[in-house]
Amino acid sequence: MNALISRWHRPSWRVLTALLAAAAIIVTGLVLRANATSTTAGHRTTAAGHRTSTAVHLAGYDTSQTANTPDNPNGPVPGMCTTRILNVRDTGESETWPSDPNWHLDAWGPVNSSNQQPFSESLTRSLTVGNTFHSTVGVDAKAVSAQVGFDVSSSDTVGTNYTISIPPNQEWRIAAGYVAHNYLYDVYRVCSAGTVKIGTGVASEYDHLVYQAYQIA
244 MNALISRWHR PSWRVLTALL AAAAIIVTGL VLRANATSTT AGHRTTAAGH
294 RTSTAVHLAG YDTSQTANTP DNPNGPVPGM CTTRILNVRD TGESETWPSD
344 PNWHLDAWGP VNSSNQQPFS ESLTRSLTVG NTFHSTVGVD AKAVSAQVGF
394 DVSSSDTVGT NYTISIPPNQ EWRIAAGYVA HNYLYDVYRV CSAGTVKIGT
444 GVASEYDHLV YQAYQIA
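Everything in the sequence shown is counted per this note's numbering, starting at 244 for the first residue and increasing by one.
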């Protein structure tokens, strides 16, 4: 009888092995579940703290139109600057006397002639005139034209017709020039962080021809 009882209470290795395997499966499942919950929670936390945006960031600037970020104090966004013509002011008229030979004529009056009557000479030429502009920095002609009110690149051909009487034994010069109306302007670099003056310029609008005659010999 005792042998039967002892045999009954003695553990079976097969049963113990099965119980241990089942316990290992349960523990493994709990660990995997805990890890999965922790990973998911961590992912959700990261996503909740991340602001999705398609804005392009350049040198610390958010160029999104809806970005609620303060302006960067270090400077403007690259590529966001423009050149502008400002402070146009009228400075009046000026005369210009070109040195080009086509703009003048030298002529003698009667020399050692029995006819001591003055000799008539005329300056009759076709000259190219036009509007101009000059700047200390590179600027676009269209931008200047838009601000000064005329096409700074236009040109035209005009004819001269000026006659003088040259006294005997004298040489005179007949010269043509032109009058232009001038406008000064400033060139600015305008950026999102501010505006700075980078140069100046003058635009001239052709008005009319003028003439002068004087003795040179």
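Backbone N, C-alpha and C fix where the C-beta goes; we use that ideal spot for every residue, glycine too.
Query	Result
8 Å Cβ shell around Val354 - same chain, five flanking residues per side excluded	Pro411, Asn412
Outcome for His451 when other beta-carbon atoms lying within 10 angstroms are tallied against a minimum of 16	exposed
Beta-carbon proximity list for Ser396, same chain, < 6 Å, skipping 5 on both sides	Ala384
Start and end residues, beta strand (DSSP E) containing Ser388	Ser388 -> not in any beta strand (DSSP E); alpha helix (DSSP H) instead, spanning 384-391.
Status (buried if at least 16 other CB within 10 Å, exposed otherwise) for Tyr457	exposed
Alpha carbon of Tyr421 to alpha carbon of Ala436, nearest angstrom	44 Å
Check whether Glu448 and Ala350 have beta carbons under 8 Å apart	no
Contacting residues, own chain, Cβ-Cβ under 6 Å from Ser408 (five flanking each side not counted)	Pro361, Ser363
Length-filtered (3 minimum) beta strand (DSSP E) runs lying within the segment 323-403	325-339, 347-351, 362-366, 369-373, 375-378, 398-402
For Ala446: DSSP bridge partner residues	Phe376, Tyr426
Collapsed DSSP secondary structure at Ala460 in the structure displayed	coil
Endpoints, the beta strand (DSSP E) within which Ser408 is located	405-409
Identity of the residues DSSP links to Ile417 by a beta bridge	Leu348, Ala456
Test item: CB-CB of Ser369 and Thr406 under 8 Å	no
Rounded straight-line distance, which links the Cα of Ala460 to that of Gly352	11 Å
Anticipated Cβ contact below 8 Å, Thr339 with Tyr426, distance rounded	So it is not a contact: roughly 15 Å between Cβ atoms.
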